[in-house]
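In UniProt numbering, the protein residues as written are 1 to 163.
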Amino acid sequence: NLYVLVNPVRVTLDFLTLLWSNVFLLTLSNSLDMDFGEQKPPEHADIKVEMLMPRVIIPAEEKVENQPDRPEAVQVQVSKLVLTNGRTEDGMTRTDLLTTLDMYGRAGLFASPEFPNQGGQGHRGVKGEVIPDFLYQHAEDCDDPYIDTAIKALLSHVKAEDA
Numbered sequence: 001n002l003y004v005l006v007n008p009v010r011v012t013l014d015f016l017t018l019l020w021s022n023v024f025l026l027t028l029s030n031s032l033d034m035d036f037g038e039q040k041p042p043e044h045a046d047i048k049v050e051m052l053m054p055r056v057i058i059p060a061e062e063k064v065e066n067q068p069d070r071p072e073a074v075q076v077q078v079s080k081l082v083l084t085n086g087r088t089e090d091g092m093t094r095t096d097l098l099t100t101l102d103m104y105g106r107a108g109l110f111a112s113p114e115f116p117n118q119g120g121q122g123h124r125g126v127k128g129e130v131i132p133d134f135l136y137q138h139a140e141d142c143d144d145p146y147i148d149t150a151i152k153a154l155l156s157h158v159k160a161e162d163a
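Okay, structure coming up:
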């Protein structure tokens, strides 16, 4: 298990840094995907990252001389950000997700067939619905989140023993 707590952090993004980090992470990912002939099932690790007061700053690409009041950057800050691959807090059940999706689905922004919701049919058969189907499938326990068949087989074996 991995738990990381990050106190106030400030990240300034610029185009060249994003390009560099993308290339670096892709290269790292490709180098770690080597198969050494071992056929053991992958292990599961619970990961949780909490950030307190994170701030992301996106600076303007160029400074405009004739506009002294023009902002030089956009800043986004939240009080707490939690990233995890498991349900760790109250109010994070599938039922809670379905309740939230239904509430947003009835809201004017998401249920209206007008712009910007023009398009095909959504999960509930409403034309122009913008809430993705996979969120409803997950809330209704109709999805298959296990890409790796070894993990799915292991979990189904554990569920069968518990029954």
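Using N, Cα and C, we set each Cβ at its ideal position, and we do this for glycine too. Predicted model only: the values in this text are computed from it and were never measured.
Asked	Found
Which residues bound the alpha helix (DSSP H) around Ala139?	Asp133 to Ala139
Classify residue 173: buried if its beta carbon has 16 or more other beta carbons within 10 angstroms, exposed otherwise.	Only positions 1 to 163 of the chain appear in this structure, which leaves residue 173 out of reach.
On the DSSP bridge assignment, give the partners of Pro59 in chain order.	Ala73
Could you compute how far the alpha carbon of Met53 sits from the alpha carbon of Asp90?	21 angstroms
How about Val76 and Val56: are their beta carbons less than 8 angstroms apart?	yes
Our contact map puts Leu98 next to Glu140 with C-beta atoms below 8 angstroms; I'd like the distance itself, whole angstroms only.	7 angstroms
Assign Lys127 to buried or exposed, taking buried as 16 or more other Cβ atoms, counted over all protein chains shown, within 10 Å of its Cβ.	Low per-residue confidence applies at Lys127: pLDDT is 46, beneath 50, and the placement is therefore not dependable, though the value from the model is reported in the following sentence. Lys127 should be labelled exposed.
Assuming Glu72 contacts Lys63 under a Cβ cut-off of 8 angstroms, what Cβ separation, rounded to an integer in Å, is found between them?	7 angstroms
Give me whichever residues DSSP pairs with Glu50 in a beta bridge.	Leu5 and Val82
When you compare the CB positions of Asp14 and Pro59, do they come within less than 8 angstroms of one another, or not?	yes
Reducing DSSP to helix, strand and coil, say where Gly91 ends up.	coil
Please state the DSSP three-state secondary structure of Val126.	Per-residue confidence for Val126 stands at a pLDDT of 49, beneath the threshold of 50, marking its modelled position as unreliable; no derived number is given.
When you compare each of Glu65, Arg106 and Asp46 to Thr88 by their alpha carbons, which one comes out closest?	Asp46
Starting from the C-beta of Glu61, find all residues in its chain whose C-beta is less than 8 angstroms away, skip the five residues before and the five after it, and write them out in chain order.	Phe15
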